[in-house]
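The block underneath contains the structure these notes are about, expressed in structure tokens.
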Amino acid sequence: MADLVRLVQQAGVVGAGGAGFPTHVKLGAQVEVVIVNGAECEPLLRVDQQLLLLEAEALRRGLAAVVEHLRPRAVYLAVKTKHREILHTWEELLAPLGGRVHGLGDFYPAGDEQVLVYEVTGRVVPPAGIPPEVGVLVMNVETLYNVSRALEGQPVTHKFVTVAGAVTAPKTMRVPVGISYAELLALAGGPAVKEFTCLDGGPMMGRPVADLGLPVTKATKALVVLPAGSRAARRAGTPWEAVLRRSRNACEICRMCTDLCPRYLLGHPLEVHRIMRAFAYGGDRVEPEDHLAALLCVECGVCEQFACPVGIFPRTVAAEVKRRLLAAGVRYPRGRTGAGVRRYREGRRVPTGRLIRRLGLDPWDRPAPLDPVAVPSSRVRVPLRPPFGAACRPVVEAGARVRTGDPVGEVPEGALGARAHASIEGVVTAVTPDYVEITAQEA
Ligand code: SF4
Ligand code: SF4
């Protein structure tokens, strides 16, 4: 399938699970194992588990093309064993491809790429490494769906998004890229509580939405509404000064954050309690020799949202330290190996049910049925700055008429990125370095 990489590149496919990494680059790797990541481990999210049944045939076609292109020795769909119908359906679908379903326990973060690679293959990705370094390609379910559409010449114009948490009618929708968070919220009946915080993404790894007028990107997986007062909302709204003060005053150096960290449990030298200690006594200064391990943090939130007995902020501190190190040009040295998988790892995985109760979200853990019919929108702002890679250069001007799927942004020559396409038909009403605005109009 010589054309696969080109078709995927032209269609602007990126990792739809939140990372946004350009998929055509991933498909350039040489691997022995392909894993379709159907773990969907973030609480309240309901996209992949429904796509695996509603769009099974499209996904099978996409996977067949990936297998023909990469010719791996083994192919897996990794999905939680609690999804019995998916398991049965996909055991049959995978058999002609020589693939198998790998059943996962119901724990968080089962869908973390490195955790998943270990669970399925027993291989450990080295610290700061990526799965192809151990011969594995991991692809999210919705990304595979977009690969399948790319085979038919269909670019990425829409996104499946779960709107969940404290909303009137939780649902999963197919919406045009560039629709606003406010529109999404209204489509789910609006908030069900007076005071709330919105996250782009799940309650563990989602980012607070500063402005509901901002657009949904190709990597948006969910809009989660956290009721004010829930543990998750309190943490999302804590200012940095308070994070700092409480980290200094309250950390007991009990190392529970480290002992439950999924990357530490894989043997990576990420001891987040040491980062907390160095930071607390270091006067808000970041020293590469003390803090280098923060570069290994994937910001999964286990340490902060689940492990810490005094409710302080190891993830927030590690993420800030990582941001400062990256800004200073510091990178984790390549070639270092981990200490080997900790022997008590299995007993320290975080059960999803307990996590949801700890977050205070059990009243909001409800179905969010998927409607595969695309939601219409009268105005979109198609982002030109992807979550990963170079910003697109706009290739349309205000006043231009566009059809759904027309390119509106191109990746600069030689840069790593993904094209942007019109997600509705209409007239371009604004072009900025951040987005192309399209307003639907009668033809
Ligand atoms: S779990 Fe909390 S109190 Fe214990 S070492 Fe980590 S940050 Fe400090
Ligand atoms: S957020 Fe905490 S638990 Fe997760 S990888 Fe980072 S240090 Fe480990």
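Residues in the sequence shown are numbered consecutively from 0, following numbering that gives the first Met the number 0. C-beta atoms are modelled at their ideal positions from N, C-alpha and C, and glycine is treated no differently.
_Checking the sheet assignment: what are the DSSP bridge partners for G266?_
Counting from one through the sequence shown, the residue named residue 266 turns up at place 267. Beta-bridge pairing links G266 to no other residue.
*Any idea which residues DSSP pairs K220 with across the strands?*
Stepping through the sequence shown from its first residue, residue 220 is reached at position 221. BP columns for K220 are empty, so no partner.
*What is the DSSP secondary structure of V13, reduced to helix, strand or coil?*
Walking along the sequence shown from the start, residue 13 turns up at place 14. Note: V13 maps to strand in three-state DSSP.
*Can C197 be considered in contact with ligand 1, in the sense that its beta carbon sits closer than 7 Å to one or more heavy atoms?*
As a first step, residue 197 is located in the sequence shown; it is residue number 198 there, counting from the start. No.
_Please state whether the Cβ-Cβ distance between F312 and R245 is less than 8 Å._
Taking the first residue of the sequence shown as position 1, residue 312 is located at position 313. Taking the first residue of the sequence shown as position 1, residue 245 is located at position 246. Against a cut-off of 8 Å, the Cβ pair of R245 and F312 comes out as a contact.
*What is the C-beta distance between G266 and V140, in whole angstroms, given that I count them as a contact (C-beta under 8 Å)?*
By 1-based counting over the sequence shown, the position of residue 266 is 267. By 1-based counting over the sequence shown, the position of residue 140 is 141. At roughly 28 Å, the Cβ-Cβ gap does not stay under 8 Å, so G266 and V140 are not in contact.
*Coarse secondary structure for H82, derived from DSSP in three states*: Walking along the sequence shown from the start, residue 82 turns up at place 83. Annotated three-state conformation of H82 is coil, per DSSP.
*What number of angstroms, rounded off, separates the C-alpha of K158 from the C-alpha of G416?*
Walking along the sequence shown from the start, residue 158 turns up at place 159. Walking along the sequence shown from the start, residue 416 turns up at place 417. Using only the alpha carbons, I get a separation of about 18 Å.
_Could you check if V119 belongs to the surroundings of ligand 1, using beta carbon to heavy atom distance under 7 Å?_
One-based indexing of the sequence shown puts residue 119 at position 120. No - ligand 1 has no heavy atom lying nearer than 7 Å to the Cβ of V119.
*Between I252 and A227, what straight-line distance do the alpha-carbon atoms span, to the nearest angstrom?*
Taking the sequence shown and counting its residues from 1, one reaches residue 252 at position 253. Taking the sequence shown and counting its residues from 1, one reaches residue 227 at position 228. So the two alpha carbons sit approximately 29 Å from each other.
*Given E112, which residues of its chain have a CB within under 7 Å of its CB, disregarding the five upstream and five downstream residues?*
Counted from its first residue, the sequence shown places residue 112 at position 113. Excluding sequence neighbours, E112 sits near P130, V137.
*Contact check, T315 vs V242, beta carbons under 8 Å*: As a position in the sequence shown, residue 315 is number 316, starting the count at 1. As a position in the sequence shown, residue 242 is number 243, starting the count at 1. Result yes, Cβ atoms of T315 and V242 sit closer than 8 Å.
*Is K193 helix, strand or coil by DSSP?*
On the sequence shown, position 194 is the one that residue 193 refers to. In this structure, K193 counts as coil in the three-state DSSP scheme.
*Report the option in R72, G413, L225 whose CA atom is closest to the CA atom of D361.*
Translated into positions along the sequence shown, residue 361 becomes position 362. By alpha-carbon distance to D361, the top candidate from R72, G413, L225 is L225.
_Euclidean distance between Cα positions of V162 and E240_ = Residue numbering aside, residue 162 sits at position 163 when the sequence shown is read from its first letter. Residue numbering aside, residue 240 sits at position 241 when the sequence shown is read from its first letter. In this structure, the alpha-carbon of V162 lies about 31 Å from that of E240.
*Measuring CB to CB, does V394 end up less than 8 Å from I437?*
Locating residue 394 in the sequence shown gives position 395, where the first residue counts as 1. Locating residue 437 in the sequence shown gives position 438, where the first residue counts as 1. Not a contact, by the Cβ cut-off of 8 Å.
*Taking all protein chains shown into account, decide if P207 is buried (16 or more other Cβ within 10 angstroms of its Cβ) or exposed.*
As a working note, residue 207 is residue 208 in the sequence shown. P207 should be labelled exposed.
*Mind checking whether the beta-carbon of G300 lies closer than 7 Å to any heavy atom of ligand 2?*
Translated into positions along the sequence shown, residue 300 becomes position 301. Yes, the Cβ of G300 comes within 7 Å of a heavy atom of ligand 2.
_Strand pairing of K170, partner residues [DSSP]_ = The sequence position of residue 170 within the sequence shown is 171, counting from 1. According to DSSP, which records beta bridges pairwise, K170 is partnered with V162.
*Per the contact definition of three or more C-beta pairs closer than 8 Å, is the segment 333-351 in contact with the segment 270-290?*
The segment 333-351 and the segment 270-290 do not touch, with fewer than three beta-carbon pairs separated by less than 8 Å.
*Look at T351 and P71 and say whether their C-beta atoms are less than 8 Å apart.*
On the sequence shown, position 352 is the one that residue 351 refers to. On the sequence shown, position 72 is the one that residue 71 refers to. Judged by their CB atoms, T351 and P71 are not nearer to each other than the 8 Å cut-off.
*Could you tell me whether any non-hydrogen atom of ligand 2 is closer than 7 Å to the CB of L354?*
Along the sequence shown, read from residue 1 onward, the residue named residue 354 stands at position 355. For ligand 2, not one heavy atom lies less than 7 Å from the Cβ of L354.
*Which residues bound the beta strand (DSSP E) around I437?*
Along the sequence shown, read from residue 1 onward, the residue named residue 437 stands at position 438. Where I437 is concerned, the enclosing beta strand (DSSP E) stretches over 434-438.
*asked:* Using only the alpha-carbon positions, how far apart do M255 and G200 sit?
replied: Translated into positions along the sequence shown, residue 255 becomes position 256. Translated into positions along the sequence shown, residue 200 becomes position 201. Approximately 26 Å between the Cα atoms of the pair.
*asked:* I need the straight-line Cα distance from A232 to P95, nearest angstrom please.
replied: As a first step, residue 232 must be located in the sequence shown, where it is residue number 233. As a first step, residue 95 must be located in the sequence shown, where it is residue number 96. The alpha-carbon separation between A232 and P95 amounts to approximately 46 Å.
*Measure the alpha-carbon distance for L6 versus R60 and round it to whole angstroms.*
Taking the sequence shown and counting its residues from 1, the one referred to as residue 6 is at position 7. Taking the sequence shown and counting its residues from 1, the one referred to as residue 60 is at position 61. In a straight line, the C-alpha of L6 is about 14 Å away from that of R60.
*Starting from the C-beta of Y263, find all residues in its chain whose C-beta is less than 6 Å away, skip the five residues before and the five after it, and write them out in chain order.*
To locate residue 263, count along the sequence shown from 1; it is residue 264. If we look at Y263 and ignore the five residues flanking it on each side, its Cβ neighbours are T257, L269.
*Span of the alpha helix (DSSP H), counted from its first residue to its last, around I274*: Here residue 274 refers to the residue found at position 275 of the sequence shown. Counting along the chain, the alpha helix (DSSP H) containing I274 begins and ends at 271-279.
*If we count Cβ pairs, one from each stretch, closer than 8 Å, do we get three or more for the segment 24-37 versus the segment 65-79?*
Yes: the two stretches touch, three or more of their Cβ pairs being nearer than 8 Å.
*For E409, write down the residues that DSSP places opposite it in a beta bridge.*
Here the question's residue 409 lines up with position 410 in the sequence shown. R392, per the DSSP bridge assignment.
_Quick check: the segment 366-382 against the segment 286-305, are at least 3 beta-carbon pairs closer than 8 Å?_
The segment 286-305 and the segment 366-382 do not touch, with fewer than 3 CB-CB distances between them shorter than 8 Å.
*Entirely enclosed beta strand (DSSP E) segments - the segment 310-378, minimum 3 residues*: Within the segment 310-378, the runs of beta strand (DSSP E) at least 3 residues long that lie entirely inside it are, in chain order, 369-373.
*For C302, I'd like the list of residues in its chain whose CB is within less than 7 Å of its CB, leaving aside the five on either flank, ordered along the chain.*
Walking along the sequence shown from the start, residue 302 turns up at place 303. Within the same chain, C302 has close Cβ partners C256, L259, C260, V271, P313, R314.
*asked:* Does T428 come out as helix, strand or coil in the three-state DSSP assignment?
replied: By one-based count along the sequence shown, residue 428 stands at place 429. Correct three-state label for T428: strand.
*Do P432 and A390 have their C-beta atoms closer together than 8 Å?*
Within the sequence shown, numbered from 1, the residue matching residue 432 stands at position 433. Within the sequence shown, numbered from 1, the residue matching residue 390 stands at position 391. For P432 and A390, yes; Cβs fall inside 8 Å.
*Which residue spans inside the segment 65-123 form an unbroken alpha helix (DSSP H) run of at least 4?*
Restricting attention to alpha helix (DSSP H) runs no shorter than 4 residues, the segment 65-123 encloses them at 83-93, 112-120, ordered along the chain.
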